[in-house]
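To convert, note that position 100 of the sequence shown is 99 in numbering that gives the first Met the number 0; the numbers rise steadily by one, no gaps.
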Amino acid sequence: MPNASANLVAFGKKVVQTAVLPPEIDSIPKVLHLLHTIHHLNLQNVPEDEGYTIKEIGEKHYHVYHNTPNPDDGIYGFLWGLAARYKAPEEVFVIRMLPNPHPEETPGSLFEVKWGLNSKDLQ
0 MPNASANLVA FGKKVVQTAV LPPEIDSIPK VLHLLHTIHH LNLQNVPEDE
50 GYTIKEIGEK HYHVYHNTPN PDDGIYGFLW GLAARYKAPE EVFVIRMLPN
100 PHPEETPGSL FEVKWGLNSK DLQ
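Here you go:
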């Protein structure tokens, strides 16, 4: 299927648009720090090591390690949707997939989530 990647990204974005999340989640850091818990609350019989590991690199710069059977393209769209939903109106953001430098320590795919007031903040 030639558009499988685009379809998975679109699916990930749509999940966020229709998801009901607790009202206390009102920022990108809050939602990122709850990803692992949300994953385990919504699925049954999930191994404890399956899910998400979050590392704060800077105030508006996070690494998200995705260790689930879900496809990376769908997770990219999901993270894109979360950033779009929880950023401040004047902010811009970027989601990048990066090579995981230490998969033996932190397994899974690595995504970078950055946001700020202009494109210089995203470099």
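Ideal Cβ placement from N, Cα and C applies to all residues, glycine included. These numbers come from a predicted model, not from an experiment.
Annotation for residue 78: the continuous alpha helix (DSSP H) segment containing it runs 71 to 85. Rounded to whole angstroms, the gap between the alpha carbons of residue 53 and residue 31 is 7 Å. Within the model, the alpha-carbon separation for residue 113 versus residue 42 is close to 28 Å.
Its Cα nearest to that of residue 28, the residue 61 stands out among 77, 104 and 61. The C-alpha of residue 13 lies about 7 Å from the C-alpha of residue 80. In its chain, beyond the 5 residues on either side, 24, 25, 26, 27, 29 and 30 have a beta carbon closer than 8 Å to the beta carbon of residue 85. Annotation: the continuous alpha helix (DSSP H) that includes residue 6 extends over 3 to 17. A distance below 7 Å between beta-carbons, with the five flanking residues on each side excluded, links residue 39 to the following residues of its chain, in chain order: 45 and 50. With a threshold of 16 other beta carbon atoms within 10 Å, residue 78 meets it and is buried. In this chain, the alpha helix (DSSP H) harbouring residue 30 covers 27 to 32. Checking the DSSP bridge columns, you'll see residue 57 partnered with 60. Distance from the CA of residue 101 to the CA of residue 16, rounded to the nearest whole angstrom, comes to 32 Å.
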